[in-house]
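Everything on this sheet refers to the single structure shown next.
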Amino acid sequence: MWKHRLFVVSVLCLLLATSCQESSSALYEIRKTAFSKEGMVVSAHPLATAAGVEILRAGGNAIDAAVAVQLALAVVYPRAGNIGGGGFLVYRGADGFAETLDYREKAPLAATRDMYLDSLGNVIPGLSTRGHLAAGVPGTIAGLAASHEKYGSLDWHRLAEAAIRLAQEGFQVTAAEADRLNRYAEDIRAFNPSEVPFLQTAPWKEGDLLVQKELAQTLRRIADSGRDGFYQGETARLIVAEMQRGGGLITLEDLAGYQAKWRTPVTTDYKDYRLISMPPPSSGGIALAQLLEMVEPFPLSEWGFQDTRSVHLMVEAERRVYADRALHLGDMDFYPVPIDTLLDPEYLAERMADFDARVATTSQTVQAGDFSLTLESFETTHLTVVDAQGNAASVTTTLNSNYGCKVVVDGAGFFLNNEMDDFSAKPGVPNQFGLVGAEANAIAPAKRMLSSMTPTIIERDGRLAMTIGTPGGSTIITSVFQVFLNVAEFGMTIGEAVQAPRFHHQWLPDEIMLEPAAIEPGARQELSAKGHTFREVSYIGMVEAIALLPDGTLEGAADSRGDDHAQGL
4 MWKHRLFVVS VLCLLLATSC QESSSALYEI RKTAFSKEGM VVSAHPLATA AGVEILRAGG
64 NAIDAAVAVQ LALAVVYPRA GNIGGGGFLV YRGADGFAET LDYREKAPLA ATRDMYLDSL
124 GNVIPGLSTR GHLAAGVPGT IAGLAASHEK YGSLDWHRLA EAAIRLAQEG FQVTAAEADR
184 LNRYAEDIRA FNPSEVPFLQ TAPWKEGDLL VQKELAQTLR RIADSGRDGF YQGETARLIV
244 AEMQRGGGLI TLEDLAGYQA KWRTPVTTDY KDYRLISMPP PSSGGIALAQ LLEMVEPFPL
304 SEWGFQDTRS VHLMVEAERR VYADRALHLG DMDFYPVPID TLLDPEYLAE RMADFDARVA
364 TTSQTVQAGD FSLTLESFET THLTVVDAQG NAASVTTTLN SNYGCKVVVD GAGFFLNNEM
424 DDFSAKPGVP NQFGLVGAEA NAIAPAKRML SSMTPTIIER DGRLAMTIGT PGGSTIITSV
484 FQVFLNVAEF GMTIGEAVQA PRFHHQWLPD EIMLEPAAIE PGARQELSAK GHTFREVSYI
544 GMVEAIALLP DGTLEGAADS RGDDHAQGL
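In our numbering, the protein residues as written are 4 to 572.
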């Protein structure tokens with residue numbers, strides 16, 4: 004098993020054309036694994052990671068650093084880092100107290116249940132993904148302000164300095180960002196008649212300077228006035244003017260009324276681990292807890308990493324969990340999500356009662372669990388911070404698709420999200436990630452749309468053990484699930500666990516999505532004989548993780564699937 008694990012990790016790294024330890028380009032040194040006893044930051048871009056480390060060096064704590072990283076990502080990672088989107092924070096203090104902050108986007112007050120349907124009741128293609136009508140009310144700045152107000156220690160203005168500097172002076176784009184800017188240039192041009200910094204005459208190439216002076220002005224207003232620098236005043240006026248130009252729905256009332264919300268985490272025990280994750284409107288915490296409860300009775304460590312038996316079990320659990328997600332999960336403020344029942348061991352045992360080790364269940368025969376209610380873009384981004392005192396922050400934020408709805412707020416310089424697509428535009432009709440939903444996730448004014456984001460903090464024997472999170476749309480939940488099991492069951496270090504190849508099943512479509520290096524050929528043949536089908540994709544997720552080693556050293560792990568960078572003090 005050990006030799007096989009090293010083999011697949013090595014193969015994946017070769018396929019990604021990067022070292023699992025460290026890679027360098029003409030622009031940045033990118034480190035995939037880092038060690039420190041004084042604090043650790045892992046994010047999707049080396050400049051954003053550096054902004055967080057700078058704050059830790061200045062005496063800031065995990066929340067201070069997380070705020071600085073998120074603001075920097077809004078500049079250097081425009082396809083997903085954002086101030087025009089939203090996200091989730093899982094926080095665990097050094098004293099062990101944990102809570103979560105929900106700053107998911109909301110539907111505008113003028114939103115209606117059938118706003119994306121034509122006169123015949125059919126979904127209008129593209130209406131919930133492209134253009135002004137696809138945007139929900141942004142939550143990011145409200146979330147950063149709320150987290151800093153409660154737990155921050157440094158001056159708010161100090162936390163924005165790196166982001167303002169990067170926006171004003173510009174930074175050199177990586178090859179990956181240049182590729183995406185070129186790929187989406189026509190979409191961006193279609194919704195932005197005025198000149199925007201993300202478009203240029205010649206194709207983007209690695210090393211080109213991206214300067215965002217209007218974004219720098221917006222960030223200065225936020226630095227000077229905090230939450231009010233976004234939801235009121237000039238920035239709010241510019242957002243509403245953009246909505247009026249393109250037929251969007253967000254108003255000054257929507258912006259002034261937005262509030263981030265502290266929520267009780269979803270927690271679950273797995274052997275001697277305790278996992279702390281997000282409650283609804285994230286589906287991540289509940290789904291992760293269900294998956295772990297379903298597989299815990301089986302001898303995964305004995306079977307081994309991506310053994311036929313391990314993969315078959317994990318896929319069958321995923322199939323059942325995603326069926327539950329489709330019917331029962333949504334915004335708890337609008338719908339009575341049956342959390343207790345969904346996490347009840349007897350209910351989950353019943354869900355697995357028809358599991359057959361010999362043959363795959365067809366998704367057509369698997370429905371959401373039947374009980375009485377008596378009581379998620381791939382282009383998301385994750386960051387994680389642990390400070391010297393042991394405070395930990397695990398944060399996932401998103402615009403949903405690459406560059407969100409492709410609309411840049413004129414005069415303010417940032418992309419708006421297309422999170423309205425994460426609602427169920429019509430029950431049973433899949434969104435852009437193939438996920439289906441029902442009444443629990445129907446559109447309603449001021450409602451938060453369902454998400455797959457799964458920022459997670461893990462304890463072992465009462466001590467901080469790991470933080471894990473990733474982008475990846477519908478694959479987020481299963482990526483966190485696999486990385487955790489790679490450590491807990493298959494004996495990997497956190498670095499090995501993050502780089503290992505991954506697979507995914509989400510009930511519908513009825514197929515195993517997998518990376519080229521995932522599941523060796525012999526196991527694929529055996530799984531095919533059981534009735535499974537496969538679809539290869541280039542990559543699944545971009546996990547950021549930190550593990551606390553027995554001697555107190557922090558090990559940061561940044562995914563080799565992107566420009567992600569780990570750095571310690």
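Backbone N, C-alpha and C fix where the C-beta goes; we use that ideal spot for every residue, glycine too.
Cβ shell of residue i (< 7 Å), same chain only, five flanking positions each side left out
| i | result |
| --- | --- |
| A148 | G229, R230 |
| F337 | A447, K450 |
Simplified DSSP assignment, three categories, for residue i
| i | result |
| --- | --- |
| K109 | strand |
| L303 | helix |
| A181 | helix |
| N85 | coil |
| H508 | coil |
| T103 | strand |
| S197 | coil |
| A352 | helix |
| V126 | strand |
| H135 | helix |
| H535 | coil |
| R328 | helix |
| I66 | helix |
| R95 | strand |
| V72 | helix |
| A170 | helix |
| L120 | strand |
Alpha carbon of residue i to alpha carbon of residue j, nearest angstrom
| i | j | result |
| --- | --- | --- |
| R168 | A219 | 8 Å |
| P302 | M335 | 35 Å |
| D424 | P553 | 43 Å |
| D117 | E442 | 12 Å |
| N405 | T132 | 10 Å |
| Q262 | A244 | 22 Å |
| G473 | T481 | It is worth fixing the name first, because residue 473 is Thr in this sequence and not Gly. Their backbone Cα atoms lie some 10 Å apart in a straight line. |
| H385 | S46 | 6 Å |
| S531 | D310 | 13 Å |
| V501 | D272 | 21 Å |
| L212 | G494 | 43 Å |
| I289 | M317 | 16 Å |
| A65 | V388 | 6 Å |
| L130 | Y119 | 6 Å |
| G437 | V70 | The pLDDT assigned to G437 is 49, lower than 50, so where the model puts this residue is not dependable, and the model offers no usable value. |
| N489 | N195 | 44 Å |
| S197 | T400 | 27 Å |
| T177 | W159 | 29 Å |
| L295 | Y94 | 21 Å |
| G571 | P300 | 37 Å |
| N394 | N444 | 34 Å |
| G3 | G414 | No answer is possible for residue 3: the residues shown for the chain start at 4 and end at 572. |
| P519 | F308 | 16 Å |
| W510 | A360 | 18 Å |
| R463 | G99 | 11 Å |
| A503 | P81 | 27 Å |
| G241 | G88 | In the sequence on display, residue 241 carries Leu and not Gly. The alpha-carbon atoms of L241 and G88 are separated by roughly 16 Å. |
| F418 | V411 | 4 Å |
| A114 | Y350 | 36 Å |
6 Å CB neighbourhood of residue i in its chain, flanking five on each side removed
| i | result |
| --- | --- |
| A391 | E41, G42 |
| P49 | Y31, I33, H568 |
| T574 | Limits of the chain in this structure are 4 at one end and 572 at the other, which puts residue 574 out of reach. |
| A363 | K533, G534, H535 |
| A77 | G84, N85, I86 |
| A550 | M469, I497, E558 |
| S375 | Unreliable placement is indicated for S375, whose pLDDT of 36 sits below 50; the coordinate value is still reported in the next sentence. Counting only Cβ-Cβ distances below 6 Å, and skipping sequence neighbours, we find nothing. |
| I460 | V93, R95, I279, A395, S397, T470 |
| R312 | W306 |
8 Å CB neighbourhood of residue i in its chain, flanking five on each side removed
| i | result |
| --- | --- |
| L19 | Note on L19: pLDDT 43, under 50, position unreliable in the model; no value is reported. |
| V214 | A170, Q171, E172, G173, P200 |
| T267 | E102, T103, P282 |
| A239 | F233, L255, L258, A259 |
| K274 | E299, A491 |
| D566 | Y31, I33, A47, H48, P49, T177, A179, E180 |
CB contact below 8 Å: residue i versus chain B
| i | result |
| --- | --- |
| A500 | Going by chain labels, chain B is absent from the structure shown, which holds only one protein chain. |
| request: Let me know the beta strand (DSSP E) ranges lying completely inside the stretch 233 to 279, each 3 residues or longer, listed in chain order. | output: Taken in chain order, the whole beta strand (DSSP E) runs of length 3 or more contained in the stretch 233 to 279 are 264 to 266, 269 to 273.
Complete beta strand (DSSP E) runs within the stretch 380 to 430 (minimum length 3 residues, chain order): The qualifying runs are 382 to 390, 395 to 403.
**Item:** Runs of alpha helix (DSSP H) lying entirely within the stretch 478 to 531, each at least 4 residues, in chain order
**Value:** As far as the stretch 478 to 531 is concerned, its whole alpha helix (DSSP H) runs of at least 4 residues are 479 to 491, 497 to 502.
Which runs of the beta strand (DSSP E), 3 residues or longer, sit entirely within the stretch 27 to 62?
Runs found: 32 to 34, 36 to 39, 42 to 46.
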